[in-house]
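Everything below concerns the one structure shown next.
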Amino acid sequence: MGSQVILPLAHTLEHEEFLEVIRLEGHSLCHDEVVLSRDMYLLQLCSGVDENAAGACAQLVFAPIDESFADDAPLLPSGFRVIPLDAKTDAPSATRTLDLASTLEVGPGGTRAPSDASSTSNTRSVLTIAFQFSYENHLRESVAAMARQYVRTVVASVQRVAMAIAPSRPGGQLEMKNPPGSPEAHTLARWIGRSYRFHTGAELLCTESQSADASLKALWQHSDSIMCCSLKAAPVFTFANQAGLDMLETTLIALQDISLEKILDDDGRKALCSEFPKIMQQGFAYLPGGVCVSSMGRPVSYEQAVAWKVLGDDDAPHCLAFMFVNWSFV
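Per the UniProt record's numbering, the sequence shown starts with residue 1, numbered consecutively.
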């Protein structure tokens with residue numbers, strides 16, 4: 001994708017609506033296995049951007065257009081709609097969305113730049129995303145596959161933007177929505193590696209240095225999917241390394257909305273239930289390979305899974321860790 005050019009067409013001050021044409025330069029298209037590159041034009045309508053009342057609607061609707069379109073040609077619109085559940089009370093928070101270039105800067109560990117959390121409120125909103133795609137019958141399956149990947153990419157981008165403009169908190173290198181009393185990222189990485197070594201006798205995090213940064217980096221960059229879930233009746237995920245986030249197709253900020261039961265299939269749940277007493281008594285268990293699903297519903301195969309009890313400094317159980325070995329999307 002090349003650069004984009006915005007061509008304003010109309011702007012109403014009373015209703016805060018504006019109509020514009022977006023030109024995406026060098027847009028790549030794949031048609032009958034021939035890759036083409038041409039400019040793409042979108043007709044875009046924005047409304048309700050500055051509404052402050054709870055329940056007010058802000059939306060962005062766009063549709064591809066072409067110079068060959070007739071004036072009365074039907075459009076195929078897609079778009080986003082945001083409905084805030086709380087009234088916005090602070091003006092500075094709105095301006096943060098206009099500075100994503102700086103807000104989205106991330107460091108080596110996936111950390112975004114710190115910002116003043118006092119200037120941002122914890123408002124809740126409902127986001128609706130709808131897309132339509134045109135296709136010819138013989139291209140239906142390829143367009144459907146492209147559409148699924150496109151939607152996954154858009155959702156991941158929206159989650160990343162939401163994480164970037166959310167209030168930041170001082171502390172760990174990785175921005176996690178930790179429940180009160182949870183350890184910082186460095187401590188959790190140390191507990192995960194130490195508990196794995198204690199239970200299995202093998203090293204999980206092979207590092208040249210014994211520093212906390214080295215352990216966290218090794219955990220974060222481990223090729224296998226490693227994730228932790230709470231020790232509750234309905235376990236939810238509290239941490240995942242980069243491979244784990246990729247497998248679940250989610251972000252750290254959205255991780256706690258995913259339950260362990262939701263990603264396991266029937267065979268996986270049965271295997272975990274049968275081995276759970278062993279995990280709690282002996283500290284770990286090996287689970288057979290199988291198939292689970294990501295947060296987007298995509299099937300994921302794995303060669304083997306390892307589950308172990310993560311112990312804190314007081315040797316009390318803190319959470320359960322899972323490692324999915326040699327995973328891949330099916």
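Where is the CB? At the ideal position from N, CA and C, for every residue including glycine. It should be emphasised that the depicted structure is a prediction, and the values quoted were computed from it without experimental measurement.
Can you tell me which of C292, L320, C319, G312 puts its alpha carbon nearest to the alpha carbon of W327?
C292
Taking the alpha helix (DSSP H) that F198 falls in, what are its first and last residues?
185–200
Consult DSSP for D39 and reduce its assignment to one of helix, strand or coil.
strand
How many Å lie between F329 and H199 at the Cα?
29 Å
Under 8 Å between the Cβ atoms of A218 and L205?
yes
Using a Cβ-Cβ cut-off of 6 Å (strictly less than) and excluding sequence neighbours within five positions of A214, which residues of its own chain qualify?
T207
Using 8 Å for Cβ pairs, my map puts S195 next to V310. What's the rounded Cβ distance?
5 Å
The segment 292–302 touching the segment 250–267, judged by at least three CB pairs closer than 8 Å:
yes
Residues bridged to Y286 by DSSP?
V306
Could you give the distance in angstroms between the alpha-carbon of L287 and the alpha-carbon of A233?
20 Å
Helix or strand or just coil, what does DSSP make of I258?
coil
What did DSSP end up calling E20 once you bin it into helix, strand or coil?
strand
Limits of the unbroken alpha helix (DSSP H) element including G244
242–248
At what residues does the beta strand (DSSP E) containing A58 begin and finish?
58–65
Where L127 sits in the DSSP three-state scheme
strand
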